[in-house]
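*Asks:* The structure under discussion is supplied below as structure tokens; questions concerning it will follow.
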Amino acid sequence: MPRPGFVLDVDERTPPLLVNQGEGFRMQKFPLGTKVIYPPDALPGVKDAHGEIRRALLHPLGDSKPLPELLFSGMKLTIAIDDISIPLPPMRTPDIRQRILEHVIEMAARAGVEDVELIVATALHRRMTAREIRRMVGERVFRSFWPDRLSNFDAEDRDALTDFGTTDKGEEVEISKRAAESDLIVYVNINLVAMDGGHKSVAVGLAGYRSLRHHHNVHTMLHSTSYMDPREGRSAINDSVNRMGRKLSDDGVKVFQIETTLNSDTFPSNMGFLNKREWEWSMADQGLMMAAKKMNDVAPPRARRDFFRRIEAPYKVTGVNAGEVEAVHARTLENLHRQQLVEVQGQSDIAIFGIPYLGPYNVNSILNPILVHCLGLGYLFNMYRNKPIVKQGGVAILYHPVPWEFNQIHHPSYIDFFEEVLAETTDPKTIETKFEERYATDPWYIHLYRTSHAYHGVHPFYMWYWGAHGRDHVGDVIFVGGEPKSVARLGYRRADSLRDAIEMAKDTVGSTPSITYFHAPPIMIADVR
Amino acid sequence: MTTLSLQYFRSVPRYVGARTIGAKAPGLIAGPLAPLRLATLKDLELPTDRPGWARVKPQLAGICGSDLATIAGRTSFYFSPLVSLPFVPGHEVVGELLDDCEDLPAGTRVVLSSVLACAARGEDPPCDNCASGRTGRCDRVTIGHLKPGLQTGFCQETGGGWSRALLAHRSQLFAVPESMPPSAAVLVEPFACAIHAALRARIEPGASVLLVGAGTVGILTLIAVKLFTQAGRVTVAAKHQKQRAAATMAGADEVVRPEHVTKAVRRDARAVKLTPERGPEFLLGGADVAIECTGSRRGLDAALRTTKAGGRVVLSGIPEGGADLTPVWFRELELVGAYTAGGVDSFPDGTTTVERPTFEVAVETAATLPILERLVGATYPLDRWREAIDHAMAAGKLGTFKVAFAPQE
Amino acid sequence: MGARDELREMASGFRWGRRPMVPRSAEPYVEEADDEGFPTDWARTKAGTFARQMILNGVMDPLHRSQIALRVYGVDALDDVEGPVIFYSNHSSHLDATLIMCSMPDRWQRTTAVGAARDYFFDVWWRQAFTALVYGGFAIDRAKGGTGAIDKARELVLDGWSLVVFPEGTRSPDGHMQRFRHGAARLALECGVGLAPVAIVGAYQAMPKGRLWPRPGRPPVTVRYGDVLYPQEGEPHQELSRRMQQAVAELFDEDRSTWFDAVGRAERGQTPSLAGPQGPSWVRTWEGTRPVPRRGKPRVWE
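Protein chains in written order, with this note's numbering: chain A, 1 to 529; chain B, 1001 to 1409; chain C, 2001 to 2302.
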């Protein structure tokens, strides 16, 4: 019986607890009275994934016909797929997208459809390599469609975008021309966090900069409390994306949305102790943990990076739903919340987050300081509903070494952003006004985005805005063990140990602060009352 | 049929093992070195030839420091003729009567005054102590109808609290009100002992008192001192943070760590502090009365060295032995033992005193103290006895006061 | 933090050498460890079974036979029986389980597991390991009444394992057969497996409760197997328990007299009861310790 998530009260009987810090972890003894939020146990997956997919395609939700009835000979079909930013860590093959694609393409072939194109919905993310795509879609699909009919989306190909005008709030809507002109778009989505899916799939995944800047901006971010809570009025970005999606729908774009949810079996069995609560570790688990820690600490950085890069999650599918976008997404969110929601009473003065080695934007890459900020103050901070786990003006303590390291190929604009922009100011509003346009339209970055495997020139800005709400909400950010220069450049403080960090925090929150440690991954959402 | 019981049995190798390596590896004492076994013993039969006995079904049975000392082989051989092996330990009991017992019907909830004195042993006429109501000092605890055993929990015939049933005599039973939760009732016995110790200390009005130790015994003694004596300033020495917090909450005037006791008492008594070449510091002057509640050598040393000349030191826990008794001679101290709450004590009643059974007073008072039920930190079923013993041995460090068995689970 | 300090923090935080603790606020979420706390399946793998047979046949059996004069009868009753069955017997000695395991034919021995009291045989890790390895033992929780105790047993039976159980639940204190608990009967009814009665005569005299080694002088012990009982459709478990007790009583009767006489008495409902005499415990123990006649030719020097 999978147990729900709960909030632990650290007492004398509590052993040291595991805290992620980048490519490694540490065992931290927390002060008595610290609250620790634990995610729910992993739900069991569906027994028959193929059956579940078939059921979803033949019994769609909302106002939609079953997929085979939407396919006809002579139609123009576009299949859009979520890119490499999901799931995290990458799912053990076969990826669920592969299975779904095989079903969809089989149905299309049976229906006699000839004009089929597959697009990886990258928006302004980097292009996926052939190898990465093959891993995601499987050998069969790859061989049949690559490279003519399977490609990465190119948001900077002005001729390949269709303009739909604006929503009633003046937001420009522009998506891939191929998709816009198709008879049907089938979207294959994985919903790892509550922000994914829904109208975001098409309206953002297949959109260009002109569209994206209407919600990927500081104002929207500050009014998304949080962007992991897509209820109406809670998340400005979600509301904006919904408006765009509905406009597309009103303007005749037909979308058959297929969404999947996964359980939280995040770690392979040889690191099984990461899935268990610390006081339930057997002697074998403890031994394994210490061996892993020792090996990790003494390994050369290259070996360590390789090890982490190769981690694959044994995710199981908890649901597949297909049909009309909003109906499907409502059901998806139900499944997601069932796995991820934890009830938390009250906020605290200090929130502690251990930042793992992997975020959406450094798969097979390096988590540079800007991405650390995005993962910590952006994603982890925003994993809440109603209120953040830390009070307004409180302190966020983050664990990560924050190395001054960048991947030249994937993140070229990040390097300049870090060296030029952040050196001058760290305030998101100023950055947006002063620098964003330049980076977004820089021809060199555009060239790298289109032909190499680089994130778009404007992407580091989005990373910075993603943590804007977090930055704005807390009074101070302290990194435990971070590299002084990088942390300083980010505009934060650092300490060598948790005790020192709490001491420093007392300047902001007083001498007896309440502390909460967010014990993720696995991913969870704190439902704060 | 049979009764599930945790039985203490004679084992020389375990005793030797516990004494030698037990201190270095305390985990072993709850493991292979424990001279305890979970056994299904033949049911205790009600004695047909003598009246006044009944079977009791324990709801909760506490683990006392003396029990742990026995298991760890740290008690003196002095006790060997006072017990009959093998026995089922457990003398802090709250349970339910399975049979009618004179005026108490079956089903009554009772606590046990564990001493097996003349009344229980059928000794008639009783010894002088029992005749005057001081059953804790009974001289006949090894003879009479029963096998030797100073208390229930050390006697082969009666069984003990760490089992599903035990035998008790009417003279031992005290009914508790239904409204008292079991976790409070199981502390009635140690509370009664604490009251007895507080009264044995003969604290003059306004006298300064030092309590060494703030585990269950220390906290209960502190409460008793506050309620039944007119002590002046009460200082408590406590090792662990939770104990210090509890002592403050229970009304101690000053709470210090053990290493700071001499300093604190010195300040208060404005005494002179001396440092010998070897051994701990001591005072010339100090507290009027000290009550030693840990049973450890260090605790007794601290008490003896910080009590004023002519003062009184009360031994509330079984002394470990090895303390330096020089201060007793030099400072003309009164060393007083406080064993158990058997029988009556003299309680202040306005300007006079009245003699009442200590247990009765304890039951009455316990009903008014909400702190009592919070002292039970964990309960365990009998089959998890190793965890229970292990927890009890590290109770202070783990922030627990009392660990108890819930034998019916 | 240095490696030493880290190690010290781990050692004290996880209570190495002591029992693990659960934080108070996590107690409501601790999973009920049913078999988890006493994993015994490792002993029922091929390797485990092989080791067990080596130990039973190579060590335990010769050791037994050197300490007691053992005779085994009735094993041919199992010849035509297709597995699995639940072996059960009267229980008066620690010898019982070993006697049954060593005397049964190899093909049964390979796929049999013994049910052992959790509070006695599984309380420390090495006793657990010993019981699991040498007897293929699985834990029966005596304290929990009802069906809790037989969950593991059911799992094994459905997997094709035969079981050895002692329906009395504990060793007899005076040698006489005590009231049977109904777990075995209930299990047999639920899974539709047969019950193989075994009478163990003389074990109480040889090594009663309280002794850890047989009495000197090679006391005689007889193990007698009987015909397998099959539960009837819709039979109440109390009735099946009664039949089980009757079967063992008949085997005792057969042992004390002859098969023919025993069958006759059974027909007439006159099988002597094994419950022992009424009266004070000393009488029961007196009867229970009555020496068992030695079979075979008397030795010259006796």
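From the three backbone atoms N, C-alpha and C, an ideal C-beta is built for every residue, glycine too.
Looking at chain C, is there any beta carbon in it that lies within less than 9 angstroms of the beta carbon of Glu280/A?
*Replies:* Judged by the 9 angstroms Cβ criterion, Glu280/A is in contact with chain C.
*Asks:* Tell me, please, whether the CB atom of Arg2127/C is closer than 9 angstroms to any CB atom in chain A?
*Replies:* Taking Cβ atoms only, chain A never reaches closer than 9 angstroms to Arg2127/C, which makes this a no.
*Asks:* Let's test the definition: count the other Cβ atoms within 10 Å of the Cβ of Val2030/C and tell me whether it reaches 16, buried, or not, exposed.
*Replies:* With fewer than 16 other Cβ atoms within 10 Å, it is exposed.
*Asks:* My assumption, with CB atoms under 8 angstroms, is that Arg1305/B sits in contact with Leu1283/B. Please give the rounded CB distance.
*Replies:* Contact flag correct, Cβ pair sits at about 7 angstroms.
*Asks:* For the alpha helix (DSSP H) that Met1410/B lies in, which residues bound it at each end?
*Replies:* As shown, chain B starts at 1001 and ends at 1409. That puts residue 1410/B outside it, with no answer to give.
*Asks:* Cβ of Arg2290/C less than 9 angstroms from any chain B Cβ?
*Replies:* With 9 angstroms as the cut-off, Arg2290/C does not count as an interface residue toward chain B.
*Asks:* Report the option in Glu2235/C, Trp2126/C, Phe2260/C, Ile2200/C whose CA atom is closest to the CA atom of Thr2040/C.
*Replies:* Considering only alpha carbons, the answer is Trp2126/C.
*Asks:* Measure from the C-beta of Lys1242/B to each C-beta in chain C and report whether the shortest distance is under 9 angstroms.
*Replies:* It does not: the Cβ of Lys1242/B has no partner Cβ on chain C nearer than 9 angstroms.
*Asks:* Could you spell out where the beta strand (DSSP E) holding Gln1230/B opens and where it closes?
*Replies:* No beta strand (DSSP E) holds Gln1230/B; DSSP gives it neither H nor E.
*Asks:* I'd like to confirm the pairing. Which residues does DSSP put opposite Gln1007/B in its beta bridges?
*Replies:* Paired residue(s): Arg1037/B.
*Asks:* Can you name the residues of chain A whose CB is closer than 7 angstroms to the CB of Arg2265/C?
*Replies:* What Arg2265/C touches in chain A: nothing, since even the nearest Cβ is about 54 angstroms away.
*Asks:* Find out if the Cβ-Cβ distance for the pair Gly1251/B, Gln1230/B is shorter than 9 angstroms.
*Replies:* In this structure, Gln1230/B does not lie closer than 9 angstroms to Gly1251/B by Cβ.
*Asks:* Between which residues of its own chain and Leu1050/B is the CB-CB distance below 8 angstroms, once the five residues before and five after are set aside?
*Replies:* Checking the sequence shown, residue 1050/B turns out to be Arg, not Leu. The answer, listed in chain order, is Gly1122, His1145.
*Asks:* What's the C-alpha gap between Ile523/A and His337/A?
*Replies:* Cα to Cα, the separation comes out at about 11 angstroms.
*Asks:* Assign Gln392/A to one of three DSSP states: helix, strand, or coil.
*Replies:* Gln392/A: strand per DSSP, three-state reduction.
*Asks:* Can a CB atom of chain B be found closer than 9 angstroms to the CB of Glu2302/C?
*Replies:* Unreliable placement is indicated for Glu2302/C, whose pLDDT of 43 sits below 50; the coordinate value is still reported in the next sentence. Chain B, which has no Cβ nearer than 9 angstroms to the Cβ of Glu2302/C, makes this no.
*Asks:* Leaving out five residues before and five after Ala1039/B in sequence, what residues of the same chain have Cβ atoms less than 7 angstroms from its Cβ?
*Replies:* Answer for Ala1039/B: Ser1005, Gln1007, listed in chain order.
*Asks:* Give the single residue among Met107/A, Leu422/A, Ser224/A whose Cα lies nearest to the Cα of Lys599/A.
*Replies:* Any question about residue 599/A goes unanswered here, given that chain A covers just 1 to 529.
*Asks:* Could you please give me the residues that DSSP links to Asp476/A through a beta bridge?
*Replies:* According to DSSP, which records beta bridges pairwise, Asp476/A is partnered with Val395/A.
*Asks:* Could you work out which residues of chain A lie near Leu1398/B, taking near to mean beta carbons separated by less than 9 angstroms?
*Replies:* Near Leu1398/B (Cβ distances below 9 angstroms), the residues of chain A are Asp11, Glu12, Arg13.
*Asks:* One question on the structure: do Phe353/A and Leu380/A come within less than 9 angstroms of each other, judged by their Cβ atoms?
*Replies:* It is a contact, given that the beta carbons lie within the stated cut-off.
*Asks:* Give a yes or no on whether the minimum CB-CB distance between Thr2170/C and chain B is below 9 angstroms.
*Replies:* Yes, because at least one Cβ of chain B sits closer than 9 angstroms to the Cβ of Thr2170/C.
*Asks:* Pull up the distance between the alpha-carbon of Glu2302/C and that of Gly2217/C, whole angstroms please.
*Replies:* At Glu2302/C, the pLDDT of 43 sits below 50, so the modelled position is not reliable; the number obtained from the coordinates is stated separately. Glu2302/C and Gly2217/C: Cα-Cα distance of roughly 11 angstroms.
*Asks:* Residues of chain A with CB under 8 angstroms from Ser2273/C, in chain order?
*Replies:* By Cβ distance, chain A contributes nothing, its closest Cβ being about 47 angstroms from Ser2273/C, past 8 angstroms.
*Asks:* To which residues of the same chain is Arg1037/B closer than 7 angstroms at the C-beta, ignoring the five residues directly before and after it?
*Replies:* Here the set comprises Gln1007, Phe1009.
*Asks:* Can you tell me where the beta strand (DSSP E) with Leu1210/B in it begins and where it stops?
*Replies:* It spans 1209–1212 - the beta strand (DSSP E) in which Leu1210/B sits, taken as one unbroken run.
*Asks:* Cβ closer than 8 angstroms: which chain B residues qualify as neighbours of Arg2018/C?
*Replies:* Ordered by position in chain B, the residues that pass the 8 angstroms Cβ test against Arg2018/C are Pro1026, Gly1027, Ala1030, Asp1390, Ala1394.
*Asks:* Measuring alpha carbon to alpha carbon, tell me which of Glu106/A, Leu32/A, Gly394/A, Ala111/A ends up nearest Ser144/A.
*Replies:* The candidate whose alpha carbon is nearest that of Ser144/A is Glu106/A.
*Asks:* Please report the distance separating the alpha-carbon of Arg149/A from that of Arg178/A.
*Replies:* The straight-line gap from Cα to Cα measures roughly 11 angstroms.
*Asks:* Check whether the Cβ atoms of Arg2052/C and Gly2136/C sit closer than 9 angstroms, and answer yes or no.
*Replies:* In contact: Arg2052/C and Gly2136/C (Cβ atoms closer than 9 angstroms).
*Asks:* Who are the neighbours of Glu1387/B on chain C, taking C-beta pairs under 9 angstroms?
*Replies:* Going along chain C in sequence order, the residues near Glu1387/B (Cβ under 9 angstroms) are Arg2019, Pro2020, Met2021.
*Asks:* Is the Cβ of Asp1124/B closer than 9 angstroms to any Cβ of chain C?
*Replies:* Not an interface residue.
*Asks:* Check the Cβ-Cβ distances between Val2124/C and every residue of chain A, and say whether any is below 9 angstroms.
*Replies:* No, because no Cβ of chain A sits closer than 9 angstroms to the Cβ of Val2124/C.
*Asks:* For His1169/B, which beta-bridge partners are listed by DSSP?
*Replies:* DSSP lists Trp1053/B as partners of His1169/B.
*Asks:* Residues of chain A with a CB under 8 angstroms from the CB of Tyr2230/C: which are they?
*Replies:* Here the premise fails: no neighbours, minimum Cβ distance about 36 angstroms.
*Asks:* If we ignore side chains and look at the alpha-carbon of each, how far apart do Thr1142/B and Ser1011/B end up?
*Replies:* Approximately 22 angstroms between the Cα atoms of the pair.
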